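With mature numbering (1 follows the signal peptide of the UniProt record, and there is no 0) as the guide, the letters of the sequence shown map in order to residues -22 to -1, 1 to 102. Even for Gly, the Cβ is constructed at its ideal location relative to N, Cα and C. This structure is a prediction, so every number in the text was calculated from the model and none was measured. Structure first, commentary second.
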Amino acid sequence: MKKLSTIAIAPTLLFLVACSGAQEPQTMPETTTETATETTVVQQDTSQRELPSAVSGYTEKAEAELIDESVTKDDVDRVLTAARNNDSAVAVEWDDDGYWEIEFGDIDIDIDPDGLVLDVDRDD
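See below:
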């Protein structure tokens, strides 16, 4: 008897559902999901990566090292000039801390893009 009542009720429910409500077809609200992706473009200022054209000054540390290492300011100028001229005997490397490491002969200098000498060493 239970099966028969279920069969009899099912068409009635379908009829009620079909006849209820407005005459326009019902539509479910549309749900749209958008995913926003933020893209960050980091553009490195290439002017900060160019060797300076001349020495603009020396830090206190570099000034003290000139004396301690027996290096002259002319020696530092010579190292920078050799680097700018792409001399084959020069080793030039950009440090991610924002300065150039230049090695020429027995003299090493660290210089920032503005020409400030940060460090001076002479290899023994």
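Look up residue i in the DSSP assignment and say whether it is helix, strand or coil.
{"i": "GLU71", "result": "strand"}
{"i": "LEU44", "result": "helix"}
{"i": "GLU38", "result": "helix"}
Going by DSSP, what residue range makes up the alpha helix (DSSP H) through residue i?
{"i": "LEU58", "result": "51 to 62"}
CB residue i to CB residue j, shorter than 8 Å?
{"i": "ILE80", "j": "VAL57", "result": "yes"}
{"i": "ARG62", "j": "ILE85", "result": "no"}
{"i": "VAL95", "j": "ALA40", "result": "yes"}
Could you spell out the range, first to last residue, of the beta strand (DSSP E) harbouring residue i?
{"i": "LEU96", "result": "94 to 100"}
From the DSSP output, which residues share a beta bridge with residue i?
{"i": "ASP86", "result": "GLU81, ASP99"}
- Query: Is there contact here, the segment 24 to 40 with the segment 81 to 95, by at least three beta-carbon pairs under 8 Å?
  - Reply: yes
Contact between the segment 67 to 75 and the segment 38 to 45 is defined here as three or more beta-carbon pairs at a separation below 8 Å; is this criterion met? no
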